[in-house]
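**Q** Quick one: structure below, then a few questions.
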Amino acid sequence: MTPQELKSILSHGLLSFPVTDFNAQGDFNAAGYIKRLEWLAPYGASALFAAGGTGEFFSLAASEYSQVIKTAVDTCAKSVPILAGVGGSTRQAIEYAQEAERLGAKGLLLLPHYLTEASQDGVAAHVEAVCKSVKIGVVVYNRNVCRLNADLLEKLAERCPNLIGYKDGLGDIELMVSIRRRLGDRFSYLGGLPTAEVYAAAYKALGVPVYSSAVFNFVPKTAMDFYNAIARDDHATVGKLIDDFFLPYLDIRNRKAGYAVSIVKAGAKIAGYDAGPVRTPLTDLTAQEYEALAALMDKMGPQ
């Protein structure tokens with residue numbers, strides 16, 4: 011798949027990030043991960059991102075990373091494209107990127123580098139180095155310490171033909187508008203704020219109709235129903251799902267830092283696809299929070 015073919019795929023439809031399965035000892039559970047991917051793939055997501063933020067990329071050892079990406083690519087070879095999360099220092103990100111390409115990933119999501127602050131030029135150099143280390147398409151994730159502006163993204167677009175996507179996790183509307191207006195159709199644009207459904211209508215109005223859904227991991231039918239309602243401007247359905255599901259869901263998710271991942275794993279367990287515990291430094295939901303989520307999911311009906 012060429013970068014431009016990947017860009018076309020990412021320009022429409024719903025995207026999602028499967029959680030990574032661990033067993034009771036905290037080790038990667040390939041069988042559980044295969045079962046999860048086989049369950050989710052037929053629901054109609056345009057692409058799945060293996061070892062992304064929701065997939066706990068930040069907690070994976072290098073050997074585990076290879077297992078996760080290979081399992082995802084092999085399982086979904088005939089159903090849905092797999093993009094791989096990559097991140098860390100520039101040299102680490104390049105190693106992950108080249109390994110993902112070797113294993114057959116169709117593209118990469120370049121997650122923010124970790125810990126250290128850096129200048130705009132430094133971050134741009136980091137992105138450029140990773141893009142030039144592979145031939146597959148790359149989506150850059152503007153979030154946390156990665157805050158590229160329109161000027162630098164335009165320069166990167168000229169230097170890196172395989173940089174085909176921009177994912178926004180900042181929620182800076184002025185920045186998003188400036189990037190969308192400056193780059194036009196050069197990129198595919200993805201909404202990437204946590205629980206993106208809450209922002210989906212606003213981002214669609216900005217010219218960013220595509221977003222990644224974490225709740226697709228455990229209520230895939232509801233996630234697709236919501237995406238389709240957004241696509242056809244069905245404001246009544248959008249409003250009802252936000253009131254009945256997403257706002258109560260946010261109330262649980264926002265109780266502790268890191269729950270954006272923990273609550274998804276809890277939801278997967280409730281749905282019958284237990285992915286095991288989150289790894290430290292994340293913490294799992296309390297029993298009371300787990301029961302509140304189960305009750306909320308029950309209201310959404312069979313998936």
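Going by my numbering, the first residue of the sequence shown is number 11, and it counts up by one from there.
Idealized CB from N, CA, C, for every residue including glycine.
1. Reducing DSSP to helix, strand and coil, say where E302 ends up.
2. Classify S73 as buried or exposed, calling it buried when 16 or more other Cβ atoms lie within 10 Å of its own Cβ.
3. Compare the beta carbon distance of L20 and F59 with 8 Å and say whether it is the shorter of the two.
4. Determine which residues share a DSSP beta bridge with I92 and list them.
5. Excluding the five sequence neighbours on either side, which residues of its own chain have a C-beta within less than 8 Å of the C-beta of P171, listed in chain order?
6. Starting from G175, follow the alpha helix (DSSP H) in both directions and report where the run begins and ends.
7. DSSP state of N140, grouped into three classes?
8. Just to confirm, does L118 get its C-beta within under 7 Å of one of the non-hydrogen atoms of the ligand MG?
9. Rank D131, L119, G217 by C-alpha distance to the C-alpha of G175 and give the top, closest one.
10. For the region 127-145 against the region 99-115, do three or more pairs of beta-carbon atoms, one drawn from each stretch, fall closer than 8 Å, so that the two count as touching?
11. Given that a residue counts as buried once 16 or more other Cβ atoms are within 10 Å of its Cβ, and exposed if not, what is K88?
12. My output table needs one value for F226: the three-state DSSP class, helix, strand or coil.
13. Return yes when the Cβ of G36 is within less than 8 Å of the Cβ of C67, no when it is not.
14. Below 8 Å between beta carbons: does that hold for V83 and A115?
15. Is V148 helix, strand or coil by DSSP?
16. DSSP puts C156 in a beta bridge; with which residues?
**A** Taking the structure as given:
1. Residue 302 is actually Ala in this sequence, not Glu. Of the three classes helix, strand and coil, the one that applies to A302 here is helix, per DSSP.
2. Result: exposed.
3. It is not a contact, given that the beta carbons lie outside the stated cut-off.
4. Per DSSP, L58.
5. P13, listed in sequence order.
6. Here G175 belongs to no alpha helix (DSSP H); instead the beta strand (DSSP E) covers 173-178.
7. Before going further, note that residue 140 is Val rather than Asn in the sequence given. In this structure, V140 counts as helix in the three-state DSSP scheme.
8. In the structure on display, the ligand MG does not appear, and there are no ligands present to speak of.
9. It is L119 whose Cα lies nearest to the Cα of G175.
10. Enough Cβ pairs lie closer than 8 Å, so yes.
11. By the Cβ-count criterion, K88 is exposed, with fewer than 16 other Cβ atoms from all chains shown falling within 10 Å of its own Cβ.
12. In this structure, F226 counts as helix in the three-state DSSP scheme.
13. The identity of residue 67 in the sequence shown is Phe, whereas the question assumes Cys. In this structure, F67 sits away from G36, with a CB-CB distance that is not shorter than 8 Å.
14. Yes; because the gap between Cβ atoms is below 8 Å, this pair is in contact.
15. Residue state for V148 is assigned as strand, using DSSP reduced to three classes.
16. Per DSSP, R153.
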